[in-house]
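A.B. asks:
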Amino acid sequence: KLLKRLEALVRWEHPVAGRIPPAELLPVAESDTATIDALTDWVLGAAVEAYQVLTALGMSVPLAVNISTLNLHDVTLPDRLEQRLRAGGMPVQQLCLEITESAMFNDIQCVMEILSRFSLKGMRLSIDDFGAGYSSMKLLRQMPFTEIKIDRSFVGDVTTSRDSRTIVKSIIDLAASMEMGCVAEGVETAEAADLLEQLGVCDIQGYLIAAPMPVEAVPAWLEDWTRSGSAMPRDRAVSLGNH
Numbered sequence: 426k427l428l429k430r431l432e433a434l435v436r437w438e439h440p441v442a443g444r445i446p447p448a449e450l451l452p453v454a455e456s457d458t459a460t461i462d463a464l465t466d467w468v469l470g471a472a473v474e475a476y477q478v479l480t481a482l483g484m485s486v487p488l489a490v491n492i493s494t495l496n497l498h499d500v501t502l503p504d505r506l507e508q509r510l511r512a513g514g515m516p517v518q519q520l521c522l523e524i525t526e527s528a529m530f531n532d533i534q535c536v537m538e539i540l541s542r543f544s545l546k547g548m549r550l551s552i553d554d555f556g557a558g559y560s561s562m563k564l565l566r567q568m569p570f571t572e573i574k575i576d577r578s579f580v581g582d583v584t585t586s587r588d589s590r591t592i593v594k595s596i597i598d599l600a601a602s603m604e605m606g607c608v609a610e611g612v613e614t615a616e617a618a619d620l621l622e623q624l625g626v627c628d629i630q631g632y633l634i635a636a637p638m639p640v641e642a643v644p645a646w647l648e649d650w651t652r653s654g655s656a657m658p659r660d661r662a663v664s665l666g667n668h
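Under our numbering, residues 426 to 668 are what the sequence shown spells out, in order.
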């Protein structure tokens, strides 16, 4: 087993409505550029703080943070983020930015410039929910992504749907041919994990590994997970949700 990365997940603890998940929160935030910028800025700051907590607990592991395509309008963003990482003692190589496809790119040239600046600074770039949004072969060819994350809608029924299995296999082969990493998200059963391994996926992420947890709980979980007789192959690299 190999813990490859932790993913920072945002939740809104509303005083009246309770916990509001990203599926409900993000569409509202993305309806206003200033709001989604402020939310992303807060999440990135929280990720740096989480990295500091993990470092203090004796763990040095990369973190992934989701950012919206609507955040990609300011060419100063890469420089500002780099400064924030350095101020927090987090190496830029320890951050992976997952670009969600919840909104269409408005200015392709600006987006390309911003993503290229992220890449040149050493940050990894992952295209999230691949196959369920506005992704295209042209987008993959033009943008400096280093990883594809297969949308959970295909992964969830990969063991029962021939169509989903075919799509997942095609995405895995595409990633390999483009020398990109490939993550299957939403893996919940050992059966699905075994099949994904046979199909050639690089990494898996999902509740089979662990449910989201506070960052302080990660070291204890990792010790138990590493010691346990998990069904996961010893060489399996995984991503873990964290909030």
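Glycine included, every Cβ here is placed at the ideal spot set by N, Cα and C. This structure is a prediction, so every number in the text was calculated from the model and none was measured.
DSSP puts ILE552 in a beta bridge; with which residues?
C.D. replies: Translated into positions along the sequence shown, residue 552 becomes position 127. DSSP output for ILE552 lists ILE524 and ILE573 as bridge partner(s).
A.B. asks: Compute the beta-carbon to beta-carbon distance between ASP628 and VAL608, rounded to the nearest angstrom, for a pair I have assumed lies under 8 angstroms.
C.D. replies: Counted from its first residue, the sequence shown places residue 628 at position 203. Counted from its first residue, the sequence shown places residue 608 at position 183. Between VAL608 and ASP628 the Cβ distance is about 5 angstroms, and since that is below 8 angstroms, they are a contact.
A.B. asks: Provide the residue(s) that pair with SER493 in DSSP beta bridges, ordered along the chain.
C.D. replies: Taking the sequence shown and counting its residues from 1, the one referred to as residue 493 is at position 68. BP columns for SER493 point to THR525.
A.B. asks: In its own chain, which residues sit with a C-beta less than 8 angstroms from the C-beta of LEU647, not counting the 5 before and 5 after it?
C.D. replies: Looking up residue 647 in the sequence shown gives position 222. Contacts found: LEU428 and MET484.
A.B. asks: Counting C-beta neighbours from all protein chains within 10 Å, is the total for THR585 16 or more, i.e. buried, or is it exposed?
C.D. replies: If you number the sequence shown from 1, residue 585 lands on position 160. It counts as exposed.
A.B. asks: The beta strand (DSSP E) that contains GLY606, what's its start and end?
C.D. replies: Indexing the sequence shown from 1 puts residue 606 at position 181. Taken as a continuous stretch (DSSP letters only), the beta strand (DSSP E) holding GLY606 covers 606 to 610.
A.B. asks: Taking the alpha-carbon positions, what's the SER602 to ASP619 distance?
C.D. replies: Against the sequence shown, residue 602 aligns to sequence position 177. Against the sequence shown, residue 619 aligns to sequence position 194. So the alpha carbons of these two residues sit roughly 22 angstroms apart.
A.B. asks: Within its chain, find whatever has a CB closer than 7 angstroms to the CB of GLN477; leave out the 5 residues flanking it on each side and keep chain order.
C.D. replies: Looking up residue 477 in the sequence shown gives position 52. Contacts found: GLY513 and GLY514.
A.B. asks: Which value, in whole angstroms, describes the spacing of the CA atoms of PRO440 and THR591?
C.D. replies: For the purposes of this step, residue 440 is taken as residue 15 along the sequence shown, with counting starting at 1. For the purposes of this step, residue 591 is taken as residue 166 along the sequence shown, with counting starting at 1. Near 44 angstroms, if we compare the C-alpha coordinates of THR591 and PRO440.
A.B. asks: Can you give me the Cβ contacts of LYS546 inside the same chain, cut-off strictly under 7 angstroms, excluding the 5 residues immediately before and after it?
C.D. replies: Residue 546 sits at position 121 when you count from the first residue of the sequence shown. So the qualifying residues of the chain are PRO503, GLU507 and VAL517.
A.B. asks: So what does HIS439 bridge to, in DSSP terms?
C.D. replies: The residue labelled residue 439 in the question sits at position 14 within the sequence shown. Answer by DSSP bridge pairing, in chain order: GLY443.
A.B. asks: Taking just the CA atoms, how far does PHE570 sit from THR465?
C.D. replies: Counted from its first residue, the sequence shown places residue 465 at position 40. Counted from its first residue, the sequence shown places residue 570 at position 145. Looking at the two C-alpha atoms, the distance is approximately 19 angstroms.
A.B. asks: Where GLU622 and CYS535 are concerned, what is the direct C-alpha to C-alpha distance, given to the nearest angstrom?
C.D. replies: Within the sequence shown, residue 622 is the residue found at index 197, counting from 1. Within the sequence shown, residue 535 is the residue found at index 110, counting from 1. Looking at the two C-alpha atoms, the distance is approximately 37 angstroms.
A.B. asks: From ASN667 to ARG430, what does the alpha carbon distance come to, in whole angstroms?
C.D. replies: Start at 1 with the first residue of the sequence shown, and residue 667 comes out as number 242. Start at 1 with the first residue of the sequence shown, and residue 430 comes out as number 5. Because the pLDDT at ASN667 is just 40, under 50, the model does not fix this residue reliably, and the point stays unresolved.
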